[in-house]
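Numbering (this note's numbering), first residue to last: 889 to 1235.
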C-alpha cells in the first residue's frame, strides 16, 4: 500500500528508500508515456481549433485552421513531418524530470503520511485515510514540483519547438534561457504549476487509496495479511482510473501553465505551428483563451491527456508498489542471512 502503514512499520522502508522506488517508477512510466505527452503538449499550445467539431459549431462555417485536429491525425502528421523519434522529442530531459520528480514526490509523501500518523493515528484509519492521502499527496506534489520546475520549463520548450530547432540540447536551452531571459525564466509558470499540482497530486493519491480500499473490500483482499504485495491488475486499474479523474479536473490549469512557460521563445520556435499569442500574467492568459478559443480552449488535448494520465498513473503506482515489495524482500532476506550467520570467533 502507498503511504505509511503502522501495521507493518517493522517491515517498512525509510522515506529515502521509498524515493528511490519512486524514481524507478518514474523512469519506467516515462518510456511508455512520452509519445502521448508530446502530442498532449502540442495540442495544449495550439491556439487554433483542434477538432472538426468546432466546424459544426461555427456560425461562419469556417474550416478548422489548427495544425493538429485529432490524436490519430496528430500522430501521423508528427511521424510524417518529423519522423518516429519526434514522438520521444525531449525524452532525455523528461526522463530526468520523471526520475527526480518521482524521488521527491514519494519521499515527501511517505514522510508526510508518517508525520500525519504521529500527529494523530486516527488520520490513517480507513475512513480518514483517503482525505489524509489527498492532503499529503498535494503537499508532496507542490514540494516536488518546486524542486524540478526549471527542468519542467526546459522540457516543455524542447517538446514544443518544431523545425528548425531553437534548442539542440538541455544545456543549450538552459544557457540561452539564462542569457536571453534571465534566471527567472526557469520558474515561468510556477504559480499555475503549484495551483495545478496540489489538486492533481492530491487526487492521484486520494482517489488511488479510495479505489484500492473499494477493490480490497469487494474482492476480500489483504484482510488477513496487510503486508501482502499489491496485485498488479489492481494497481493498474486503480492507477488508471485515478489518473483519468485527476487529469480531467486540472487540465485547464495545465494548459495555462504550458502557455506561460513558452512565453519568450514561442515567436521563433512555433511560428509555423500557428498563432503565437502573448500573455501578460495568469489572469490575462485565462481570459484570452476563453475570449479567442472559447471555454473548450481550456480542455484542448483532453483525449491524449486523459489517456496519458491513465497510462502513466497505472504504470507508476504498479511499478512503485512492486519495487517496494522487491526491496523489502531483499532487505528481509539480507537480515535473515545475517541472523543465521555464526558469530565471529574470539581470538
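All C-beta atoms in this analysis are idealised placements derived from N, C-alpha and C, irrespective of residue type, glycine included.
Select from 1015, 973, 1219 the residue whose C-alpha is nearest the C-alpha of residue 1094.
Translated into the one-based positions of the chain shown, residue 1094 becomes position 206. Comparing Cα positions, the closest option is 1015.
Tell me whether the beta-carbon of residue 911 lies closer than 8 Å to the beta-carbon of residue 978.
Residue numbering aside, residue 911 sits at position 23 when the chain shown is read from its first letter. Residue numbering aside, residue 978 sits at position 90 when the chain shown is read from its first letter. Against a cut-off of 8 Å, the Cβ pair of residue 978 and residue 911 comes out as no contact.
May I ask you to verify whether the stretch 995-1010 touches the stretch 928-938, counting CB pairs closer than 8 Å and requiring at least 3?
no
Mapping the DSSP letters down to three states, classify residue 830 as helix, strand or coil.
Since the first and last residues shown for the chain are 889 and 1235, residue 830 lies out of range.
For residue 1038, which residues of its own chain have a beta-carbon under 8 Å away from its beta-carbon, when the five flanking residues on both sides are left out?
Translated into positions along the chain shown, residue 1038 becomes position 150. Closer than 8 Å at the Cβ level, and outside the excluded window around residue 1038, lie 1062, 1074, 1075.
So residue 1178 and residue 1185 are supposed to be a Cβ contact under 8 Å. How far apart are they, rounded?
The count along the chain shown starts at 1 and reaches residue 1178 at position 290. The count along the chain shown starts at 1 and reaches residue 1185 at position 297. Their Cβ separation, rounded to whole angstroms, is 7 Å, which keeps residue 1178 and residue 1185 in contact under 8 Å.
Would you call the stretch 1190-1203 and the stretch 914-924 in contact, with 3 or more CB pairs under 8 Å?
yes
Can you tell me which of 988, 980, 1021 puts its alpha carbon nearest to the alpha carbon of residue 998?
As a working mapping, residue 998 is identified with position 110 in the chain shown. The shortest Cα separation from residue 998 among 988, 980, 1021 belongs to 1021.
Return yes when the Cβ of residue 994 is within less than 8 Å of the Cβ of residue 1126, no when it is not.
Numbered from 1 along the chain shown, position 238 holds the residue referred to as residue 1126. Numbered from 1 along the chain shown, position 106 holds the residue referred to as residue 994. Cβ distance not < 8 Å, so residue 1126 and residue 994 don't count as in contact.
Buried or exposed: which applies to residue 1204, given that a residue is buried once 16 or more other Cβ atoms fall within 10 Å of its Cβ?
By 1-based counting over the chain shown, the position of residue 1204 is 316. Burial call: buried.
Whole angstroms is fine: what's the gap from residue 1217's alpha carbon to residue 901's?
In the chain shown, the residue the question calls residue 1217 occupies position 329. In the chain shown, the residue the question calls residue 901 occupies position 13. Cα to Cα, the separation comes out at about 11 Å.
Backbone secondary structure at residue 1071 - three-state DSSP:
On the chain shown, position 183 is the one that residue 1071 refers to. In the structure shown, residue 1071 sits in a helix (DSSP, three-state: H, G or I).
Please say whether residue 1096 and residue 966 have beta carbons closer to each other than 8 Å?
The residue labelled residue 966 in the question sits at position 78 within the chain shown. The residue labelled residue 1096 in the question sits at position 208 within the chain shown. No, they are not a contact pair.
CA-CA distance, residue 1085 and residue 1030?
For the purposes of this step, residue 1085 is taken as the residue at position 197 of the chain shown. For the purposes of this step, residue 1030 is taken as the residue at position 142 of the chain shown. The straight-line gap from Cα to Cα measures roughly 6 Å.
Between the C-alpha atoms of residue 1065 and residue 1071, what's the straight-line distance to the nearest angstrom?
What you label residue 1065 is simply residue 177 of the chain shown in a count that begins at 1. What you label residue 1071 is simply residue 183 of the chain shown in a count that begins at 1. Using only the alpha carbons, I get a separation of about 8 Å.
Contact check, residue 1027 vs residue 992 under 8 Å by CB: the rounded distance?
Residue numbering aside, residue 1027 sits at position 139 when the chain shown is read from its first letter. Residue numbering aside, residue 992 sits at position 104 when the chain shown is read from its first letter. Not quite, the Cβ-Cβ distance comes to about 12 Å (not below 8 Å), so this is no contact.
With burial defined as no fewer than 16 other Cβ atoms inside 10 Å of the residue's Cβ, what is the status of residue 968: buried or exposed?
To locate residue 968, count along the chain shown from 1; it is residue 80. It counts as exposed.
Assign residue 901 to one of three DSSP states: helix, strand, or coil.
The sequence position of residue 901 within the chain shown is 13, counting from 1. Note: residue 901 maps to coil in three-state DSSP.
Is residue 908 helix, strand or coil when you go by DSSP?
Here the question's residue 908 lines up with position 20 in the chain shown. DSSP places residue 908 in helix when its eight states are reduced to three.
Quick one: grab the DSSP three-state call for residue 1150.
In the chain shown, counting from the first residue as 1, residue 1150 sits at position 262. Correct three-state label for residue 1150: coil.
At what residues does the alpha helix (DSSP H) containing residue 974 begin and finish?
Here residue 974 corresponds to residue number 86 of the chain shown, with the count starting at 1. Looking at the DSSP string, residue 974 is not in any alpha helix (DSSP H), and its letter there is neither H nor E.
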